[in-house]
Structures are given as structure tokens and as C-alpha cells.
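Per my numbering, the very first residue in the sequence shown carries number 4; after that it's consecutive. Since the structure comes first, as C-alpha cells, the remarks are kept for the end.
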Amino acid sequence: MSRSPALALLCFLLLPIFSTLASAHKINVEASKKECFFEDLHQHDQMTITYQVGEGGHLDIDFWLTDPEEVVLAKHIRQSTGSTSITAEKDGRYEYCFSNQMSTMADKQVRHVVTRYPLSFTRTETSHPSFNVHGIIYIPEEADIVAPVEREIRSLAIGLLAVKDEQEYIVVRERKHRDTAESTNDRVKWWSVLQGVVLFAVVAWQVYYLKSFFEVKRII
């Protein structure tokens, strides 16, 4: 009975540490340009990148992810949403890019979430801190054996981060669908108004034409 409160307290204390390993960003990719970012990973670390185009053009973007040797690990062409997960096979800088080079006029607004899952507690060597463009700090782990409770806490923290990322993705997707529905509603409204105007104009012209036709016959 006393173990559950202690576990909850430890989870609460360690959660801010793991929360620094996830970050959400909203960027604007101008027409005919690309935006690239990088993450410094250690071997066996895991990283998940989820993105969605919120505004601009046909809501599509090109995405690719490369390893430190510039080998393409993932590539998406003209996708509105996407997600990719990797496990680092080597230490180094992993770069990912969002390209809007297919568009010559429309800028694209992209929201992406980067989540890192450091698995360094399974290694025996001591790792060193590193920093990336977002200012995320890689949390080093000691070479000591991790207690089962602490390992469970870390698993819970990673699970919470995954839930948080999924919720943020759902919010962005709901906003996109709501904007699409509102835009469609506006188009239907103005199309109905235009149809009413055209119908009134046709009826008025028919009345005028028939009236003129009968007036001409009466004069004859």
C-alpha cells in the first residue's frame, strides 16, 4: 500500500526531466524553399517526428530524414500529415527537412512534434550531454544499474509523452478539419446566394420578355 504513493511521487519528480525531451514547433515554409532541423542522438536512442500541414496551398509538404552519413531514413512526398520513428544506429546528428519547393506561390504552415526516447540506461558507458537547434538537453545516464522501480517510472514517463504527442496531433487535426468545414460552409452559402441572384435575374428577364412579346402582338 505504501509503494504506490512513493511511485507516484517519484514519477512526479522525474516527469519534468523527461518532458524536456519532447518539443512542438510551428514553422512557416515559404514557397520554393525548405526548412531543416537537426537532433543529436546517441546510439540506440529513439526519435519520433510527427507533422501536419495546417495552412497553405493543397496542405501538402515534402519531408525527409537523414542520418549522420546523409543516408535517407524516411521520405514523404506531398503529404499533409505524417509520422516516422527511428532508432539511432550510430551517434551523430540526424537532420530532417520540410520542403515547399514544389510550390511557387503558396507558403505552408507546418506544425511538428519531436519526441526523443533516450535508451541510454541500457548501456554501460557514460554519455555526455549534447544540445540541438531547439535547445533540448540530452539527459546523461549513469553507468549504475537502474532499479526496477526507476525503470518502470521511465517507461511511464515515455508513455505519457506519447499520449501527449497524440493529443497534440489530434488537436491540430481537429483544427484543420474545422477550418475545412467552415470554408466549405462559406462557399456553399455564397454559392446559394449567387444561385438566388441568378434565378431572380432569369425570372425578371422572362417576365419582361413575355410582357414585351404580348405587347407587340396587341399593337399589331
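Idealized CB from N, CA, C, for every residue including glycine.
**Prompt:** Where does the unbroken beta strand (DSSP E) through residue 65 begin, and where does it stop?
**Reply:** Element bounds for residue 65: 64–69.
**Request:** Could you tell me the distance, in whole angstroms, from the CA atom of residue 177 to the CA atom of residue 184?
**Result:** Distance between the alpha carbons of residue 177 and residue 184: 10 Å.
**Asked** Nearest-angstrom Cα distance between residue 205 and residue 111?
**Response** A direct Cα-Cα distance of roughly 42 Å separates residue 205 from residue 111.
**Asked** When burial is assigned at 16 or more other CB atoms within 10 Å of the CB, is residue 158 buried or exposed?
**Response** With fewer than 16 other Cβ atoms inside 10 Å of its own Cβ, residue 158 counts as exposed.
**Asked** Straight-line CA distance for residue 85 to residue 73?
**Response** When rounded, the distance between both Cα atoms is 21 Å.
**Prompt:** Among the residues of its own chain, which have a CB less than 6 Å from the CB of residue 49, if the five just before and after it don't count?
**Reply:** Non-local C-beta neighbours of residue 49 in its own chain, meaning closer than 6 Å and more than five positions away in sequence, comprise 90, 120, ordered along the chain.
**Prompt:** Under three-state DSSP, which class holds residue 77?
**Reply:** Correct three-state label for residue 77: strand.
**Request:** Reducing DSSP to helix, strand and coil, say where residue 134 ends up.
**Result:** Note that residue 134 scores a pLDDT of 39, beneath 50, so its modelled location is shaky and nothing firm can be said.
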